[in-house]
Amino acid sequence: MSSLPSTSSSISRKKYDVFLSFRGEDTRNNFTDHLYDALKRSGIVTFRDDPKLDAGEEIPPQLFRAIQQSWCSVIVCSRTYAFSSWCLEELAEIVKQRNEKGHKVFPIFYDVDPSDLRKQKEKFEEAFAKHEERYKEDKEKILRWRNALTQVANIKGWHLNNRRESGFIGDIARKISAKLCQTYPVFHDELVGISSRMEELYSKIEIGEDDIRIIGISGMGGIGKTTLARVVYDQMSSHFEAKCFIADVREVSDKFGLVSLQKQLLFQILSGEGFEFFNVHEGNAILSHRLSHKKVLVVIDDVDNLQHLKCLVGRHDWFGLGSRIIITTRDEHLLRSYQVDDVYISTTLSPEDAFQLFNLKAFGSEIVAEDDLMKLSKHVVRYAGGLPLALEVLGSFFCGRDAAQWRSAIQRLEQDSNKEILDRLRISFDGLEETEKNIFLDIACFFNGDEKDFVIKVLDGCEFFPDIGIDVLIKKSLLTVNENNKLWMHNLLQEMGRKIVREKSFEEPGKRCRLWEQKDVYHVLNNNTATNVIEGMIIDNKRESNKMLNLNVDVVSKMKKLRLLKVLCLANCDELKYLPNELRLLDWMGYPLRFLPPSFQPDNLVALLLPYSRIEQLWKGNMPLYKLKVLNLKGSEKLLKTPDFTTAPNLETLILEGCIRIVHVHPSIGVLSRLKLLNLRSCKSLRNLPTKIGIESLETLILKDCRNLTSLPSSIGGSKCLKALDLSGCYKVENLPLNLQQVELLEELDLSETAIAKPPSFIFQLKNLKVLSLNRLKGPSCKLGPNLPSLFRVFQRGRMESVPLVLHSLSGLSSLRELKLRNCNLGEGDIPSDISCLSSLEKLELGGNNFLGLPVSITEFPRLQYLGLSNSREFKTLADPGASLVLKKRVAYLRKSFDVVVPGGEIPKWFSHQKVDSSIKIPLPSNIRNDGRWMGVAFCCIFVNDDASRDEELTYEAVIRHRNSDGFVFQGRNPRRVTGSGWIFSKDCDQPVIKDHIYLCYLTRDRLYPLFLEDKCRENETDNSSTSGCSYQEFDELQVSITSDDAHRSVKVKKCGIQIVYQKDLEDIPNDVSCLSFTKMMSLVYPSQKFLDVSQGCGESEVEDSPTTGCSNQVFDELELSITSDDCTKCVKVKKWGVRVLSQKDLEEALGTFNLIHIFNTFRLFIFNTLLEYLEVIVSGDIYLEHLYGSCGNKGTFLPSRARFGRWVLHIQASLKAPNVCCVTR
């Protein structure tokens, strides 16, 4: 494959359009003079030599320059043309430029026969006889002239043939003008982010190959498909005999028909030849015949149905070898069904490129001078969502306006989106079938960001045929599905859909089919203006809790067609005695009543979601629920028993997690033949399961933390579909059903923290098992049994008379990817030697065991990415010296980073670069990778999570770039970036993060250094050492972006900062944090040190919600606490421990004196401590200190603990990093 044509060469402008070559004595004052005037009248810039130059013998250099600066040459071959050595020198230079530079040549045979030129006969033979006599010493010149004349004679040209000169000249001028229009360079200025897209598309086109390829470009409206096709077309056209760009096929065919487009295709490719035909069938025949021997480049733009392709593209053999056909469309399915050779899916612009494009349109440059406008620009760019159409339209609209006008326009955008943008996007919507339109509007109003399979279940209950409908939306670029199988719709498409709904009734929301905006919901409910039109509604009162909102019978009874109802934070519904029977989805978080309305007949209900409700009983007797597929009662702590499932035979998902009062599951669960997911996690009172549960379709069974469950029913072994079984934390389960070995499809099995003393051998023969977790399984002689609370069990150590976990041969686990054996009391020789057979293993956790070293076989895992050795206090070295290198290679991108989250609203001044935004960009010092003082990069942000109803994740991305002389960003084939997950904020937290917090993160030099490697050596790189044959790319820019990973973006980043860390930056750390000690870390959370009182026993302690008494004198000799000073010579060992219950008031006082500066300085200290691998701290209601790694020489000790104080949690873990140990913790 040839390389991508140079952008610069393709857009360099020539000085002349045409160079006229002629013999002055023959034609200067007649034919050539008239031709020159005709070209001039046509606007064609033509070079004609000055007659005064004829006097000389040698051709002047300005004529050569004129040829080189012209797009084409027109050669008037007259009878005495070859008598002029000057003309022949011009001719030789023209042919040279044609052969080397693609210079166009158009010969005119003026009263001469081309064969006379080709064979140099008649007058041409006479002319060359004279030249040979004159230049008998320079035979090469004569040969060069002859060859040039022969080549020109072979070019198709124009013949006068006794025609009238005026008409002949007019035809020539028109045809040259048409040719030039196709060859003029197109100036693609203000194109942003085009380079990487061109590279990918060019790789699919495979220019230079002799096959015929048809390539599609697909994407949503306004994403830049046509622009990309045009740029590639302009750059590649010189590789083809002919070319044609047919724009706006959808619109033109609707107005003028497909025949007009077929004629345009023929006219452009066949240089202006006209064809008369009147139907597409004749056009197909002509196209397939006349183009089959031409190497052509054709772009068919904006196709929207199959007939367009049949009439304009036909089959591959319509075109000559080497031809390339490019099709742009919003409908990917159209391309796939036509079986094109490849498809390029267009994507939105990156935040940086989007900002650059907007600035170019709004300010005429990439730089915004005013800080105020910079903030407003960011707001508009976020609104545009990376869509080039929106960025260009909005940028042009804001251009030249002041800040006040900007603010006014932005406020208007939030209420009513730009019409030009939405009209362009609506084209795709208008082409949908009615059911597809309903699916689109439901997703735009209610389901954007929701799990695809769940949405399909609900919409299938609405008889919208969502399996095919959602696929149509995806193929038409109106919807995407992300890597987590969640539906995602671009915010402008979503806004377009919502505007379509509003158009039904601008004045009265109660007459619209869907309600999602709370101001409209308040209006309808409080003013009782609901109508029979309403099909869906979201009630969300959590942000307006001070407003009285009542869902009463009068309002609800009017909404008889209500299909979808989502309710959040609505407690005032005491009078709710009615729900519409047409409901397919009832999603009510915190449902406040004890029962559902007795009049409610849920015949059509597909999904009933009542998490964290106060419901005590779902229904009595036989309630018709034949369409019910999803039942979620998670966290409904007042639920006393499960319902009779007999009348809900189609149930697929049953979630009873956290229903702590349920003792038994109704035996009718055995009739659920379609049940795929059964989640009984944390049903603490559950004692047993029915003898028979629905196993025919069961794929996932979650019994985690069912503490009183003693056994599994033997019917589990009959499941043919079971893929995941989680029994972790089932302390009383001692055995597995023997027939579980018949479950051949099992992929995930978690037996952690069960009472299974010896795992049965059959689990090691499950050939499809991918994840096996046996954490904290101990041998049968363990004195501290599995029924003890977890705070006691975590203190069990290897020397307490327990025997190691017995592992059978692992060779049968050929598909295993993750093996978790933490705290299993394993020592030397306890891991079977055939562990090396696990060729698919990616993650291996061995922490908390008694290994002195790792077996040699550790080097034989080709896919290993994660090796967990934390808390392995006996670990000394690796068995094989070569293993060190192997481990370093595999953990190069996983080690040496840590982050911190603490309350606060100001970024520390230590961060020299700060910006009010979620992204920040700074220049990189030259040659930073070779600067030994460089330690890494620290960055931070101020954020708030304003929606506690969703699980949200804070993520970061650090990208280094290089800008070439043209200002284009170069990132190579693989973008130089580091991405990571910062924090996950669970909607289940008792105390959500709803105030300003600071996120601090540090990436070490080791983490960033490999990014500087060139693409060609990235596969061979090792740690910090240059690999032979590798070179480094110099980068001069670093950008860090911190965002929420959820489509709803309820985590808002307000400000961020960044600091390149050198050794000198850490020299001013205050002395009071120079000693990393447990008491110091405790004082960060509770400076009064009442949090841990070692003089106390545990008489008042509350551990995992279970009170423990009479243990004040309990001593664990193997528990030691590492306290580290500067020189590691003064270490304090803690051999007794205690926990004191703290009141809410105590804790509030502690948080009131929280020392943020202390936390920050400790953060800096951890950067300085090269043995520290990872730190996480979050303080917000729940208090965590997690994964704190320190060192105290070879005498370091280990303290894992987890104590629950009411609903406040403290979690501390410390570990020694021994010499030569590669410890992966993230």
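1 is the number of the first residue of the sequence shown in full-length UniProt numbering; add one for each residue after it.
Ideal placement from N, C-alpha and C gives every residue a C-beta, glycine not left out.
Everything numeric in this text was worked out from a predicted model, so none of it was measured.
Query raised in the report: Is the Cβ-Cβ distance between Leu568 and Leu586 less than 8 Å?
Result: Counting from 1 along the sequence shown, the entry for residue 568 is found at position 568. Counting from 1 along the sequence shown, the entry for residue 586 is found at position 586. Going by C-beta atoms, Leu568 is not nearer than 8 Å to Leu586.
Query raised in the report: Relative to the alpha-carbon of Thr226, which residue among Ser253, Arg197, Ile207, Ala958 has its alpha-carbon at the smallest distance?
Result: The residue labelled residue 226 in the question sits at position 226 within the sequence shown. Nearest of Ser253, Arg197, Ile207, Ala958 to Thr226, Cα basis: Arg197.
Query raised in the report: Three-state secondary structure (DSSP) at Ser872?
Result: Here residue 872 refers to the residue found at position 872 when the sequence shown is read from its first residue. If DSSP states are grouped into helix, strand and coil, Ser872 belongs with coil.
Report task. Under the assumption that Val232 contacts Tyr202 (Cβ atoms under 8 Å), give the Cβ distance between them as a whole number of angstroms. Result -> Indexing the sequence shown from 1 puts residue 232 at position 232. Indexing the sequence shown from 1 puts residue 202 at position 202. Their Cβ separation, rounded to whole angstroms, is 7 Å, which keeps Val232 and Tyr202 in contact under 8 Å.
Query - Contact the stretch 74-83 vs the stretch 27-40: 3+ CB pairs below 8 Å - result: Judged by Cβ distances under 8 Å, the stretch 74-83 makes contact with the stretch 27-40, as three or more pairs qualify.
Query raised in the report: Does the distance from the C-beta atom of Pro466 to that of Ile439 stay below 8 Å?
Result: Locating residue 466 in the sequence shown gives position 466, where the first residue counts as 1. Locating residue 439 in the sequence shown gives position 439, where the first residue counts as 1. Yes.
Query raised in the report: When the Cα atoms are used, what is the spatial distance from Asn305 to Leu258?
Result: The count along the sequence shown starts at 1 and reaches residue 305 at position 305. The count along the sequence shown starts at 1 and reaches residue 258 at position 258. Between the C-alpha atoms of Asn305 and Leu258 there is a straight-line separation of about 12 Å.
Query raised in the report: To the nearest angstrom, how far is it from the Cα of Pro643 to the Cα of His666?
Result: Counting from 1 along the sequence shown, the entry for residue 643 is found at position 643. Counting from 1 along the sequence shown, the entry for residue 666 is found at position 666. One alpha carbon belongs to Pro643, the other to His666, and they sit about 7 Å apart.
**Report entry** Alpha carbon of Thr1004 to alpha carbon of Lys486, nearest angstrom
**Finding:** The count along the sequence shown starts at 1 and reaches residue 1004 at position 1004. The count along the sequence shown starts at 1 and reaches residue 486 at position 486. Cα atoms of Thr1004 and Lys486: separation of roughly 34 Å, rounded to the nearest angstrom.
Query raised in the report: Based on the DSSP output, what are the partners of Cys940 in its beta bridges?
Result: Residue 940 sits at position 940 when you count from the first residue of the sequence shown. As a beta-bridge residue in DSSP terms, Cys940 pairs with Leu1000, Gly1057.
Query raised in the report: Do you know whose CA, among Phe397, Glu414, Gly829, Gly224, lies nearest Thr329's CA?
Result: Position 329 of the sequence shown, counted from the start, is the residue given in the question as residue 329. If you compare the alpha carbons of Phe397, Glu414, Gly829, Gly224 with that of Thr329, the shortest gap goes to Gly224.
Report task. Alpha carbon to alpha carbon, how far is Asn708 from Pro690? Give it in angstroms, no decimals. Result -> Your numbering for residue 690 matches position 690 in the sequence shown. Your numbering for residue 708 matches position 708 in the sequence shown. Going from the Cα of Pro690 to the Cα of Asn708 covers about 15 Å.
Query raised in the report: Since Lys104 sits in a beta bridge, which residues does DSSP pair it with?
Result: The residue labelled residue 104 in the question sits at position 104 within the sequence shown. As computed with DSSP, Lys104 is found in a beta bridge with Cys72.
Requested in this report: Run the CB neighbour count on Arg817, radius 10 Å, all protein chains shown included, and call it buried at 16 or more, exposed below.
Outcome: On the sequence shown, residue 817 is found 817 positions in, with the first residue counted as 1. Buried is the call here.
Requested in this report: Figure out for me which residue from Val1040, Leu813, Leu819 has the closest Cα to the Cα of Pro923.
Outcome: Here residue 923 refers to the residue found at position 923 when the sequence shown is read from its first residue. Check the Cα spacing between Pro923 and each of Val1040, Leu813, Leu819: the tightest is with Val1040.
Query raised in the report: CB Ile1058 to CB Leu954, shorter than 8 Å?
Result: Residue numbering aside, residue 1058 sits at position 1058 when the sequence shown is read from its first letter. Residue numbering aside, residue 954 sits at position 954 when the sequence shown is read from its first letter. Between Ile1058 and Leu954, the gap from beta carbon to beta carbon reaches 8 Å or more.
Query raised in the report: Given a threshold of 16 other Cβ atoms within 10 Å of its Cβ, counted over all protein chains shown, does His1048 qualify as buried or as exposed?
Result: As a position in the sequence shown, residue 1048 is number 1048, starting the count at 1. Confidence at His1048 is low in this model, with a pLDDT of 46, below 50, so the placement of that residue should be treated as unreliable; the coordinate-derived value is given next. Around the beta-carbon of His1048, fewer than 16 other beta-carbon atoms lie within 10 Å, marking it exposed.
Query raised in the report: Of the choices Ala178, Pro107, Gln339, whose alpha-carbon is the least far from that of Gly157?
Result: Translated into positions along the sequence shown, residue 157 becomes position 157. Selected option, being the one with the closest Cα: Pro107.
Requested in this report: Express the C-alpha separation of Ala958 and Cys1001 in angstroms, rounding to a whole number.
Outcome: Walking along the sequence shown from the start, residue 1001 turns up at place 1001. Walking along the sequence shown from the start, residue 958 turns up at place 958. The C-alpha of Cys1001 lies about 11 Å from the C-alpha of Ala958.
Requested in this report: Mind checking who Ala607 pairs with in its DSSP beta bridge?
Outcome: Counted from its first residue, the sequence shown places residue 607 at position 607. When beta bridges are read from the DSSP output, Ala607 appears opposite Leu585, Val630.
Query raised in the report: Contact between the stretch 608-618 and the stretch 633-653: three or more CB pairs below 8 Å?
Result: Put simply, the stretch 608-618 touches the stretch 633-653. At least three CB pairs are less than 8 Å apart.
Query raised in the report: Are the beta-carbon atoms belonging to Gly386 and Ala409 less than 8 Å from one another?
Result: Within the sequence shown, numbered from 1, the residue matching residue 386 stands at position 386. Within the sequence shown, numbered from 1, the residue matching residue 409 stands at position 409. With a cutoff of 8 Å on beta-carbon distance, Gly386 and Ala409 are scored as not near each other.
Query raised in the report: Between the C-alpha atoms of Gly536 and Leu334, what's the straight-line distance to the nearest angstrom?
Result: The count along the sequence shown starts at 1 and reaches residue 536 at position 536. The count along the sequence shown starts at 1 and reaches residue 334 at position 334. Approximately 32 Å between the Cα atoms of the pair.
**Report entry** Candidates Gly658, Lys629, Cys659, Leu633, of which the one nearest Leu651 by Cα
**Finding:** Position 651 of the sequence shown, counted from the first residue, corresponds to residue 651. Comparing Cα positions, the closest option is Lys629.
Requested in this report: For the alpha helix (DSSP H) holding Glu434, just list the boundary residues, first then last.
Outcome: Taking the first residue of the sequence shown as position 1, residue 434 is located at position 434. According to the DSSP assignment, Glu434 belongs to the alpha helix (DSSP H) that extends over 434-442.
Query raised in the report: Going by C-alpha distance, which of Ile669, Ser238, Lys684, Ala242 is nearest Ser715?
Result: Walking along the sequence shown from the start, residue 715 turns up at place 715. By alpha-carbon distance to Ser715, the top candidate from Ile669, Ser238, Lys684, Ala242 is Ile669.
Query raised in the report: Do three or more CB pairs link the stretch 433-453 to the stretch 333-349 at distances below 8 Å?
Result: Between the stretch 433-453 and the stretch 333-349, the count of Cβ pairs shorter than 8 Å is below three; the stretches do not touch.
Query raised in the report: Is Trp406 helix, strand or coil by DSSP?
Result: Within the sequence shown, the letter at position 406 stands for residue 406. Trp406: helix per DSSP, three-state reduction.
**Report entry** Own chain residues within Cβ distance below 8 Å of Lys561, not counting five before or after
**Finding:** Mapped onto the sequence shown, residue 561 falls at position 561. Within its own chain, the residues whose Cβ lies closer than 8 Å to the Cβ of Lys561, once the five positions on either side in sequence are excluded, are Asn532, Val533, Ile534, Glu535, Pro580, Glu582, listed in chain order.
Report task. Can you give me the start and stop residues for the alpha helix (DSSP H) that residue 1227 sits inside? Result -> Lying before the first or after the last residue shown, residue 1227 is absent from the chain, which here runs from 1 to 1226.
Query raised in the report: With Leu813 and Phe764 assumed to form a contact (beta carbons below 8 Å), what rounded beta-carbon distance in angstroms separates them?
Result: Within the sequence shown, the letter at position 813 stands for residue 813. Within the sequence shown, the letter at position 764 stands for residue 764. Confirmed, about 6 Å.
Query raised in the report: Leaving out five residues before and five after Arg776 in sequence, what residues of the same chain have Cβ atoms less than 6 Å from its Cβ?
Result: As a position in the sequence shown, residue 776 is number 776, starting the count at 1. The answer, listed in chain order, is Ser752, Glu753, Asn823.
Requested in this report: Check whether the stretch 863-874 touches the stretch 845-852, taking contact to mean three or more Cβ pairs, one atom from each stretch, closer than 8 Å.
Outcome: Taking 8 Å as the limit for Cβ pairs, the verdict is that the stretch 845-852 does touch the stretch 863-874.
Report task. Find the nearest neighbour of Lys475 within the set Asn930, Leu869, Glu332, judged by alpha-carbon distance. Result -> On the sequence shown, position 475 is the one that residue 475 refers to. For the residues Asn930, Leu869, Glu332, the minimum Cα distance to Lys475 belongs to Glu332.
**Report entry** As assigned by DSSP and simplified to three states, the class of Gly853
**Finding:** Residue 853 sits at position 853 when you count from the first residue of the sequence shown. Three-state DSSP puts Gly853 in a strand.
Query raised in the report: Between the C-alpha atoms of Phe128 and Ile142, what's the straight-line distance to the nearest angstrom?
Result: Taking the sequence shown and counting its residues from 1, one reaches residue 128 at position 128. Taking the sequence shown and counting its residues from 1, one reaches residue 142 at position 142. Distance between the alpha carbons of Phe128 and Ile142: 8 Å.
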